[in-house]
Amino acid sequence: MNKVSAVMLSLALVVNLLVAGTGGLSPVESPEELANVDTGEEFAESNITSVVVPPLQIGDMIRYDSRIYMVWYGENTSSGEFWKIELIGLGESTYRVKPPKTVADGFFQNHLAVNKDVLTGGQITLVYTNSTDKYTFSGTLDLHREDWWDLTARRPIYAVNFANLTIVGLGQVMTGKAAGPMDFDGHMRSWPNLNKEYMPSLEEQIYGGGKEIHIGDSGVVYQSGETASEWVMPYNWTVERGLVIHGYDTVKVNITSIWWNFMPYTKQIWISNNLSYPAKVYDHANYTYTDEENNFTSYMIIESNRTLKEDGFTRGKTPIPWGSCETEGENGNHFLSRNPYGEYKPWKDLLMPHSGGNYSSSSFDFSPEEAVNYAIENSEDLQAFLAEYPDSVVSWTYYNATKDPSDPNGIAGVHRWNLTFAHRPSDEEWAEVEEEANETGEWRYPFGYRITVTKNITREGIINPTYDEVMAIEWEDRPNKSYSDYNLYNLPDTALTLSSSEKIMKQDPEVIDVAYSDGKISWNTPHQEKYVYFSLTVGDKGLEGAMDMFTSITGITPVYSEYTWTLSKGRVATNGESFYCSVDATSGQMLGVVYMEGVPFMGLFEE
9 MNKVSAVMLS LALVVNLLVA GTGGLSPVES PEELANVDTG EEFAESNITS VVVPPLQIGD
69 MIRYDSRIYM VWYGENTSSG EFWKIELIGL GESTYRVKPP KTVADGFFQN HLAVNKDVLT
129 GGQITLVYTN STDKYTFSGT LDLHREDWWD LTARRPIYAV NFANLTIVGL GQVMTGKAAG
189 PMDFDGHMRS WPNLNKEYMP SLEEQIYGGG KEIHIGDSGV VYQSGETASE WVMPYNWTVE
249 RGLVIHGYDT VKVNITSIWW NFMPYTKQIW ISNNLSYPAK VYDHANYTYT DEENNFTSYM
309 IIESNRTLKE DGFTRGKTPI PWGSCETEGE NGNHFLSRNP YGEYKPWKDL LMPHSGGNYS
369 SSSFDFSPEE AVNYAIENSE DLQAFLAEYP DSVVSWTYYN ATKDPSDPNG IAGVHRWNLT
429 FAHRPSDEEW AEVEEEANET GEWRYPFGYR ITVTKNITRE GIINPTYDEV MAIEWEDRPN
489 KSYSDYNLYN LPDTALTLSS SEKIMKQDPE VIDVAYSDGK ISWNTPHQEK YVYFSLTVGD
549 KGLEGAMDMF TSITGITPVY SEYTWTLSKG RVATNGESFY CSVDATSGQM LGVVYMEGVP
609 FMGLFEE
């Protein structure tokens, strides 16, 4: 791994902390040294035998010493050459329960909700080592997270995350010339999907709701569902020995799992009869990979730890008024099931959602109907693919435009739809792919077809201009790594139209401020061909397991939807900002608005 690649990976690692929200432990040489480590040896034993965790109250506050450690190591076992990236963080975290207030859910409906607040700040050290060199960078990380829980539904409906990351010395190592600190700010607002059943956290399932647990108790829980599946991992838990942590008698709940059947995970939680928060929480995951044929081995460790500070807990005096939100939804439900700003049409005939009734006033000058129909009518290879896999859908697509700046009407330009038609393979088809891979050593997934269709609109005349349109297939390919989680027959009956998804996004002032000009999406920005687009994603079951990992380690529950419209703009690496807004494509619920700005580090390589 060369120096530039290493520091780019290092930068990606620390920038991802902007949404992680965890606060290092000493470096280790192998993941086996930390597997199932009990980090409570510094505390005295307790004779406690059972615990009932008291409920949270308004005014509760707890302060922790917070640590995080991450390492990624790779080695050529033949030559002995190696590289290692380590991230070590040390700081403080404060958890608080603040009074209820009125906030809007993802359907723009107001609810009375209680505020659960987390503040984290501290120092970070990033170390890159290889066979010949070692580089050390320092920095700071500050995070503020607020979650609002509806008082009647007792589930989160809205969250805000703010983060600031500053790294000193990284730019100079990347470029070999003087460079100032690299500073990044992130702001994420998210709305949990209210049409999905709320799944309690591991902690809630094990000891929440006033359950009494005893040393020796054990069981199994699931983070994302009621039973195990390919993407829903079981978590085994046991209640173990007692410790006295800063005057509080606690028992340890030990939780273990194996993510995706190859990554061991351990979570250890110390809880007390006198603390509404855990006294201590420790997370550890590791992964080891060996490729004997290519003489390569690697491992990864992700570890976090927070421990109650001495005199760090304050008990609030006011019970949370659960059940006091009086907002009425529809059909006896507390929440709406569809956004009233949305338009919903059948999509099976088009294989993707339609343009919609507001299309003529939208930011789009090339409709999905035109693009899909043109692609099918003018590509014999695509026709053959759909004949072979007639249940295929458009599983992923994105739209962008290169507008002609000389056209005062904003119509002329090149408009582009990138479409991926994909089939959901059966178990038998997967078996054939695996058999072929065993014979050839190459994995192929022949279940998708990618094609790009353009509409080139040109203007003639100035006073009373006329416009000519030419459509063409720009590129097409039957890739070896595409397939769908859904097919034509198990799609929802209707989907949010393209234009009404934009209408919903425009109800948010930040979206208008960052992504729009004169009421239309600002397509013409730096690197716009690649970095400003409107996309549709249909299904990604693999995300569900990844979110288990993210939630378990950070406490943050990322927003997930099987069908999502997304507006994306920019990349911090190239133009100093990243922005996206996402909406559920079946219910029209807002899912997330994320904005990040900072040093455009790719520009550091330019003269």
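Quick note on numbering: the working numbering labels position 33 of the sequence shown as 41, and the sequence is numbered without any gaps. Built from N, CA and C at the ideal position, the CB exists for glycine as well.
Is residue i helix, strand or coil when you go by DSSP?
i    : result
M308 : strand
M598 : strand
A409 : strand
L506 : helix
E154 : strand
L149 : strand
I279 : strand
P354 : strand
N339 : coil
S492 : coil
D389 : helix
S670 : This structure cannot settle anything about residue 670, because the visible part of the chain is limited to 9 through 615.
K288 : strand
D193 : strand
P376 : helix
A383 : helix
A554 : Note that A554 scores a pLDDT of 47, beneath 50, so its modelled location is shaky and nothing firm can be said.
E570 : coil
K549 : For K549, the predicted structure reports a pLDDT of 49, less than 50, and the residue's modelled location is therefore unreliable. The matter cannot be settled from this model.
Quick check on the burial criterion: 16 or more other C-beta atoms within 10 angstroms. Buried or exposed for residue i?
i    : result
G364 : buried
T110 : exposed
S403 : buried
T574 : buried
W355 : buried
T140 : exposed
P517 : exposed
A593 : buried
P108 : buried
V229 : buried
Y297 : exposed
I520 : exposed
Q391 : exposed
G88  : exposed
K142 : exposed
P361 : buried
DSSP beta-bridge partners for residue i?
i    : result
H254 : DSSP, once it has assigned bridges, lists no residue as partnering H254.
V79  : E94 and I309
A430 : V401 and G456
S101 : Y72 and T128
V422 : T410 and N464
C589 : L575 and V601
K142 : T137
W451 : Bridge partners of W451: none, in fact.
M271 : W267
H119 : V111
M360 : None, per the DSSP bridge assignment.
E477 : I465
E484 : I459
S543 : Y406 and T574
I think residue i touches residue j, with their Cβ atoms under 8 Å apart; what is that distance to the nearest whole Å?
i    : j    : result
E484 : I465 : Going by Cβ atoms, the distance from E484 to I465 rounds to 22 Å, so no, they are not a contact pair.
G547 : R197 : That belief does not hold up - the Cβ atoms of G547 and R197 are roughly 24 Å apart, past 8 Å.
T335 : N203 : No, T335 and N203 are not in contact; Cβ-Cβ is about 16 Å, not under 8 Å.
D125 : E100 : About 14 Å separates the two Cβ atoms, so there is no contact after all.
Q597 : N294 : Contact flag wrong, Cβ pair sits at about 36 Å.
G147 : V122 : G147 to V122, Cβ: 34 Å. No contact.
Y541 : R579 : So it is not a contact: roughly 12 Å between Cβ atoms.
D399 : L496 : 4 Å
I165 : V105 : About 16 Å; that fails the 8 Å criterion.
V461 : E482 : 7 Å
Y77  : K92  : Rounded, the Cβ-Cβ distance is 13 Å, inconsistent with contact.
G606 : F192 : 3 Å
K317 : D291 : Actually they do not touch by this definition, with Cβ atoms about 19 Å apart.
D373 : I419 : 6 Å
L159 : G331 : 6 Å
Would you check if the region 298 to 310 and the region 468 to 476 touch, i.e. whether three or more CB-CB distances between them fall below 8 Å? no
Closer than 8 Å is the cut-off here; do at least three beta carbon pairs connect the region 419 to 427 with the region 439 to 453? no
Any contact of the region 147 to 162 with the region 126 to 133, i.e. 3+ C-beta pairs under 8 Å? yes
Check whether the region 339 to 350 touches the region 508 to 520, taking contact to mean three or more Cβ pairs, one atom from each stretch, closer than 8 Å. yes
Check whether the region 300 to 307 touches the region 319 to 335, taking contact to mean three or more Cβ pairs, one atom from each stretch, closer than 8 Å. no
Are three or more beta carbon pairs between the region 52 to 63 and the region 239 to 257 nearer than 8 Å? yes
Tell me, please, whether the region 61 to 68 touches the region 272 to 290 by the rule of three or more beta-carbon pairs shorter than 8 Å. yes
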